Every structure is written in C-alpha cells, then in structure tokens.
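**Student:** Residue numbers (our numbering): 567 to 992. For each residue, glycine too, the CB sits at the ideal point set by N, CA and C. Note that this is a predicted model, so its numbers are computed, not measured.
(1) Taking only three categories from DSSP, how would you classify residue 932?
(2) Quick one: what's residue 690 bridged to in DSSP?
(3) From this set, 631, 585, 576, 640, which residue's C-alpha is nearest residue 615's C-alpha?
(4) Would you tell me roughly how many angstroms separate the C-alpha atoms of residue 924 and residue 952, rounded to the nearest one?
(5) Quick check: residue 812 and residue 878, are their CB atoms within less than 9 Å of each other?
(6) So the alpha helix (DSSP H) residue 622 belongs to, where does it begin and stop?
(7) Once DSSP output is grouped into helix, strand and coil, what is the label at residue 873?
(8) Quick one: what does DSSP say residue 739 is sitting in, helix, strand or coil?
(9) Please return the same chain residues whose Cβ sits closer than 6 Å to the Cβ of residue 821, not counting the five positions on each side in sequence.
(10) What's the C-alpha gap between residue 971 and residue 988?
(11) Which first and last residues belong to the alpha helix (DSSP H) in which residue 660 is found?
(12) Measure from the alpha carbon of residue 964 to the alpha carbon of each residue in 985, 627, 671, 669, then state which is nearest.
(13) How far does the beta strand (DSSP E) with residue 915 in it extend, from its first residue to its last?
(14) Could you pull the start and end residues of the beta strand (DSSP E) that residue 521 belongs to?
(15) When you compare each of 862, 864, 845, 861 to residue 855 by their alpha carbons, which one comes out closest?
(16) Quick test of the definition: if touching needs 3 or more C-beta pairs under 8 Å, does the segment 634-648 touch the segment 576-590?
(17) Excluding the 5 residues flanking residue 825 on each side, which residues of the same chain have their C-beta closer than 7 Å to its C-beta?
(18) For residue 870 and residue 932, what's the separation of their Cα atoms in angstroms?
(19) Note the first and the last residue of the continuous alpha helix (DSSP H) segment covering residue 839.
(20) Would you call the segment 665-673 in contact with the segment 699-707, where contact means no fewer than 3 C-beta pairs closer than 8 Å?
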C-alpha cells in the first residue's frame, strides 16, 4: 500500500525530533518544499498534534502494549496512527492504521507490523479510559505536560492558572506576521486583520498560498504577536545608537529603525548563527546593520557607555513558546532553568556596561519562569545600582505591578514573553 507524502514527511519529522536531532520548526521547514499545499497542511497537523498529545498517546500505548519496550520507529508510528484515530475525524480509520503499518515496514521493522496493526485496531474497538493517580496526573496526561513542569507552575502560579496555561499550550496559535523593509509598497489591507495590541502586526487565519508567496518574496515575516510586542517596545530617537546583543535569527533585529546616520549593531555567539542572522536580514531587505561575533556571556568587544539602546533578548527555556514548539516541554529539566538564569545574568551584566548614561536596556525572554525574568532583573539591579526600572512602552494590560511587561498564552492568546526596561541614571 502506498503511503501518502504527508504521512511520510510527518513520520520523518517526528522520528528526527524524538531522536533529538531536530526541533519541530526546522524539521517541518526541511520537508515543506517537497509537499503540495494540502499535504503540507496535513503534515503540520500530524507533527504538531502528535507532539501536543505525546504523553497522552504514550499512556494509551502503555495501556494496550503493557510494559513492552518499543523501538523508536514503532513508537513514532504508533503515536502518529493513534493521534489520527483519536483526534482527526476527517481521516478514515483504515488509512490511519494501514499507513502506520506501512511506515513501520518502510523503517525496516517488518516484524512489528502485526503488533502495530493490532494496537491501533484495539484503539478503535475498546475503551480508552485511563486511570489517573490524582488531579495533577490527570491534567499532566490530558494536556501532555511532564508532571514536574506542571507542579512547578502550580507552585508559582497556583493550580487553576497552571492548568489553564497547560490547556492553552495545546491550542493552535493564531497566525501573526508583519511587513518587512521590502514590503513598503505592498498592500496588505486585504491580507489578515490588524492586531489589537501591536502596531504593524497583522493576524491571519491560516498559512495560505498567498501568505507563503509573500513570505518567500521577503515582503512579510511570520512572527508571534508577543515577539512583535518586544520589538515594538524598542523606541529609539533619531540618531540613537542601538545594539541587539543576542540577535539571531533576526526576527526582532529586522524591526529596528536603521539609517545611514545611526549606528545599529547586531551580534551573536557563533558564526553559524551570524550566517542565519545575515540571511534573514537580507531576506527582509534590512541594510545598514553591522554584524559582530562575540560571546556576550564572557565579554562584549565595545567600550563602556557606547550605546543608547541595548537589547538583550536572552537565551532561555522557551516555556512561553510551547504552543509553537510543543516538544520543548519534553526536552527540559530542572537544571536547565538554573543554567539559563546564570547565563542570562552574565549577559545582562556585560550589556549594562556598554549602556550610556540615560540609555535604556531592554531585557526580554520567551519564558514564563520567574527565575529567568524578575529574579534575573532583581539580581542585576543589586549589582548595578545605577540602573532603574522604567515602564516599557506597551499596552497597559501587559504591565505588571513591578513595572515589567508579561504576556501569557491563556490570558492573551499569544506566546508567553517577559519585557523589562531599565534606564541608566545620567
């Protein structure tokens, strides 16, 4: 039996993600060119949907397969098949089962074809009720969030909010995009609708052929509303110098105000990241930005008090972007948060040295963890008393009692971001 291109591509993506050799965004981007628009849509649904339900699917497999240790190829095919049977009404059961069996055969695991066929058929015939140890276990399984991560959020946000956040992380995120420097003459009024919260941001209902054509031409850039909110908070007056310290891949850098009479610098830690940054900026038609390679955690190659505006979009756990990158929840562990916060503080300290008197440091992450956000800023302020918190230029609804800005998937229907604006006393 022939296997549809969408299922082959989805299987290859999920196998690479499960192997730890790719993230979903990169894996999907690598298979998209060979797929039709219809197959591309199904492939996206299969990959992201299977990842969003992975713990639930695995608990279900354990119910039907017992303690049997599953080969990765078999496990991925079972997840893919079970997801279609349980969550995609438009996919016929025979297609989901038969093509999952053929995927296992294609992976040279012919001895497991009967097993896969039997498990998937049992799912269509038998009760799929699962027993839960307690309420946290139930939400952990039903929303496919590791228990330790859910418990962490319960301790920090409270149970109701933590459960709400976990549920929101499994929702399909709205499509957001913006103009680029190439699109000054392109009419976008009939493409999407304006964002209610971020100037210049437009919201779509799905990735259409028209949007893909505009993106390929470099006339629009897909970027979540919250990420655009961070970029919009960078308000630079005429002639002010700007540096984007952790700039790759260039989504926020592409929005910076550039001109021949303004110094704008963007940099990152490695040459491959700079290559990606340069490619993305060129695709967006962005010029007049100086690129630099450095390790901001160690030292920045600039004199003290060089820049008026310093942007630190710090490396982080990414827990605010789980809607877009569902596999993040399975790759994290507790030690990652400590590692990130240590790195973030070192980068922020070095960034503060090159900030002019009266200048502004914009610190942001795409994490919802207090340890990577408010706690980092608290430590930075103790070490750099010449810095003070000033309100970021964002909608009032996002401003916290501490003077920072926060967005959340469940509350705001956008990724979870943190923004702090610090001003150096003159």
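**Tutor:** Inspection of the coordinates gives the following:
(1) In the displayed model, residue 932 falls within coil according to three-state DSSP, outside both helix and strand.
(2) BP columns for residue 690 are empty, so no partner.
(3) Closest by alpha carbon: 576.
(4) Taking the Cα positions, residue 924 is about 10 Å away from residue 952.
(5) By the CB criterion at 9 Å, residue 812 and residue 878 fall inside the cutoff.
(6) Where residue 622 is concerned, the enclosing alpha helix (DSSP H) stretches over 620-631.
(7) Note: residue 873 maps to strand in three-state DSSP.
(8) Looking at residue 739 - three-state DSSP - the assignment turns out to be coil, as it is neither helix nor strand.
(9) Setting aside the 5 residues that flank it on each side, residue 821 is surrounded in the same chain by 797, each with a C-beta closer than 6 Å to its C-beta; the list follows chain order.
(10) Their backbone Cα atoms lie some 12 Å apart in a straight line.
(11) Annotation for residue 660: the continuous alpha helix (DSSP H) segment containing it runs 659-672.
(12) Nearest C-alpha to residue 964: 985.
(13) Note, residue 915: premise wrong, no beta strand (DSSP E); alpha helix (DSSP H) at 900-919.
(14) The structure shown has nothing for residue 521, since the chain only spans 567 to 992.
(15) If we check each option's Cα against that of residue 855, 845 comes out closest.
(16) The answer is yes - the segment 576-590 touches the segment 634-648, with three or more Cβ pairs under 8 Å.
(17) Only 854 meet the Cβ criterion.
(18) Linking residue 870 to residue 932 through their CA atoms gives a straight-line distance of about 28 Å.
(19) Segment 837-849, the alpha helix (DSSP H) holding residue 839.
(20) No: fewer than three Cβ pairs fall under 8 Å.
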